[in-house]
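Here is the structure we will look at, set down as structure tokens.
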Amino acid sequence: MKTKETDTFIIQRILSGDKSGYRELANRHKDYAFTVAYKIVGTREDAEEVAQDAFMQAFNALATFNQDAKFTTWFYRIVFNAALMFKRKKNIEMDDISLSESAQKASTESSHSLQTNEQKKYIQLALNKLPPDDVTIITLFYLKEQSLEEIAQIIGISADTVKVKLCRARKRLAEEMKRILGNEVNTLL
Amino acid sequence: MKDEEIFDILDGTATAETIARHNECLANSSEYRVLFQEYVEMHALLAEMPLEKTAVNFTDKLIDKWELSQEVVLERKTSKLPFYFLILSVILIITTLVMALASNSSIKTSFDVNASVRIFQNRIFINTLLIVNTLLIFNYLDKKVFKPYFEKRYHIHL
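Residue numbers (the numbering used here), protein chains in the order written: chain A, 1 to 189; chain B, 190 to 347.
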């Protein structure tokens with residue numbers, strides 16, 4: 001609630017002409033925006049571009065933001081849509097060759113040598129195989145900043161559908177990880 | 190056990206009845222144990238998913254981009270100036286033509302015109318008036334159009 005009040009306060013300052021508010025707003029939400037974008041588009045460079053674009057869109061539309069609503073819900077919807085547009089525009093698809101190379105490399109290494117970074121890398125590879133809305137649902141759910149209702153608003157579906165999609169998305173994610181790592185998945189995890 | 194129920198257990202929202210069935214499956218099915226273990230490990234990895242950090246200069250770049258976009262908006266707003274210039278030019282040309290034609294007209298008016306109006310029939314006066322008006326228009330254009338345009342374009346203050 002404190003966050004909501006502070007966001008609203010910053011927005012009011014911006015709308016009354018205080019330009020320093022833009023920087024504060026960006027600093028407060030850049031990491032979450034970047035993380036959501038990164039999980040969808042898959043690379044840090046693209047995620048940064050998407051996050052910047054989302055902020056620009058949000059700044060431009062700030063006057064139309066309903067200040068009774070939660071800023072992050074409104075803003076993450078912009079991030080989600082920006083990432084979706086970016087992905088469509090660039091027609092990003094995971095490079096199957098690099099994917100299989102990574103999997104082969106993983107299978108030749110001992111399970112002990114695979115560090116947490118490797119595990120995160122494979123989670124990201126598996127996430128890249130999921131549809132953007134599934135990735136967003138998983139990301140927002142596990143970042144624990146948004147409730148199911150808020151995630152539903154961001155994606156533009158009902159809360160019940162979010163719950164069903166979350167379950168299916170996690171199941172698919174487990175399957176993708178299994179597919180990427182083959183039989184190594186159990187020992188890796 | 191349905192996948193949904195397994196995730197309810199992981200999320201801590203399962204009912205007592207679901208948990209009881211889950212324990213029964215764990216005890217009796219090795220296939221279920223493997224599946225559950227996979228979900229547990231994936232759930233743990235996702236729960237530890239870190240918040241990614243942007244580049245250090247992310248905000249600076251964003252603010253620069255934002256300020257630049259605002260300048261573009263400003264330029265777009267002032268981009269109507271050539272249109273005004275065109276309108277003024279057209280008015281000037283039409284006025285010049287009308288006045289020139291009027292002064293060269295061979296048609297004699299039969300009615301007696303007032304002395305103050307008669308001065309407009311004086312060719313020298315009309316030419317002087319035209320020159321003064323032209324100078325005034327150019328002065329106005331210089332101040333309102335050309336000077337702001339070149340100041341903005343070259344970021345100098347004349």
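For glycine and all other residues, C-beta sits at the position ideal for the given N, C-alpha and C. Just so it is clear, the structure is predicted and the values come from calculations on it, not from any experiment.
With 16 other Cβ atoms within 10 Å as the buried cut-off, status of residue i
{"i": "isoleucine 155/A", "result": "buried"}
{"i": "arginine 222/B", "result": "exposed"}
{"i": "alanine 236/B", "result": "exposed"}
{"i": "phenylalanine 141/A", "result": "buried"}
{"i": "leucine 325/B", "result": "exposed"}
{"i": "glutamine 153/A", "result": "buried"}
{"i": "threonine 317/B", "result": "exposed"}
{"i": "asparagine 128/A", "result": "buried"}
{"i": "lysine 39/A", "result": "buried"}
{"i": "valine 135/A", "result": "buried"}
{"i": "leucine 25/A", "result": "buried"}
{"i": "lysine 269/B", "result": "exposed"}
{"i": "threonine 186/B", "result": "Any answer about residue 186/B is impossible in this case: the structure gives chain B only from 190 up to 347."}
{"i": "glutamate 150/A", "result": "buried"}
{"i": "phenylalanine 196/B", "result": "buried"}
{"i": "threonine 285/B", "result": "exposed"}
{"i": "methionine 85/A", "result": "exposed"}
Minimum Cβ-Cβ distance from residue i to chain A less than 8 Å
{"i": "isoleucine 208/B", "result": "no"}
{"i": "methionine 190/B", "result": "no"}
Within 8 Å, strictly: CB atoms of residue i and residue j
{"i": "phenylalanine 34/A", "j": "glutamate 48/A", "result": "yes"}
{"i": "alanine 191/A", "j": "valine 79/A", "result": "Because chain A spans 1 through 189 in this model, residue 191/A falls outside it and cannot be assessed."}
{"i": "leucine 251/B", "j": "glutamine 57/A", "result": "no"}
{"i": "histidine 29/A", "j": "threonine 72/A", "result": "yes"}
{"i": "glutamate 193/B", "j": "alanine 174/A", "result": "no"}
{"i": "valine 166/A", "j": "isoleucine 137/A", "result": "Note that residue 166/A is leucine in the sequence shown, not valine. Result yes, Cβ atoms of leucine 166/A and isoleucine 137/A sit closer than 8 Å."}
{"i": "leucine 199/B", "j": "leucine 143/A", "result": "no"}
{"i": "aspartate 31/A", "j": "lysine 242/B", "result": "yes"}
{"i": "leucine 234/B", "j": "glutamine 119/A", "result": "yes"}
{"i": "valine 41/A", "j": "tyrosine 76/A", "result": "no"}
{"i": "phenylalanine 351/B", "j": "valine 334/B", "result": "An answer regarding residue 351/B cannot be provided, because it is not within the stretch 190 to 347 covered by chain B."}
{"i": "tyrosine 22/A", "j": "phenylalanine 59/A", "result": "yes"}
{"i": "alanine 83/A", "j": "leucine 130/A", "result": "no"}
{"i": "leucine 281/B", "j": "threonine 248/B", "result": "no"}
{"i": "methionine 288/B", "j": "leucine 319/B", "result": "yes"}
{"i": "proline 132/A", "j": "lysine 87/A", "result": "yes"}
{"i": "leucine 277/B", "j": "leucine 330/B", "result": "yes"}
{"i": "leucine 190/A", "j": "valine 162/A", "result": "Residue 190/A falls outside the range modelled here, since chain A spans only 1 to 189, and no answer is possible."}
{"i": "threonine 6/A", "j": "glutamine 67/A", "result": "no"}
Contact with chain B by residue i, beta-carbon distance below 8 Å
{"i": "threonine 64/A", "result": "no"}
{"i": "alanine 58/A", "result": "no"}
{"i": "threonine 73/A", "result": "no"}
{"i": "leucine 15/A", "result": "no"}
{"i": "arginine 23/A", "result": "yes"}
{"i": "isoleucine 10/A", "result": "no"}
{"i": "leucine 148/A", "result": "no"}
{"i": "methionine 177/A", "result": "yes"}
{"i": "alanine 51/A", "result": "yes"}
{"i": "phenylalanine 80/A", "result": "no"}
{"i": "alanine 61/A", "result": "no"}
{"i": "glutamine 119/A", "result": "yes"}
{"i": "tyrosine 38/A", "result": "yes"}
{"i": "leucine 140/A", "result": "no"}
{"i": "aspartate 31/A", "result": "yes"}
{"i": "asparagine 128/A", "result": "no"}
{"i": "leucine 143/A", "result": "yes"}
{"i": "alanine 174/A", "result": "yes"}
{"i": "threonine 43/A", "result": "no"}
{"i": "threonine 136/A", "result": "no"}
Worksheet item: Going along the chain, which residues of the segment 160–172 of chain A sit with their C-beta nearer than 9 Å to a C-beta in chain B?
Response: Lys163, Val164, Leu166, Cys167, Arg168, Arg170 and Lys171
Discussion item. To be precise: take each residue of the segment 192–220 of chain B, compare its Cβ to all Cβ atoms of chain A, and keep it if any distance is under 8 Å. Which residues remain?
Written reply: Asp192, Glu193 and Phe196
Fill in: Within 8 Å of chain A by C-beta, residues of the segment 248–262 of chain B in sequence order
Thr248, Lys250, Leu251, Ile252, Lys254, Trp255 and Ser258
Practice prompt. For the segment 276–288 of chain B, enumerate the residues whose C-beta is nearer than 8 Å to any C-beta of chain A, in chain order.
Written response: none
Worksheet item: Quick one, which residues of the segment 221–238 of chain B are near chain A if we go by CB-CB under 7 Å, in chain order?
Response: Glu227, Tyr228, Glu230, Met231, Leu234, Leu235, Ala236 and Met238
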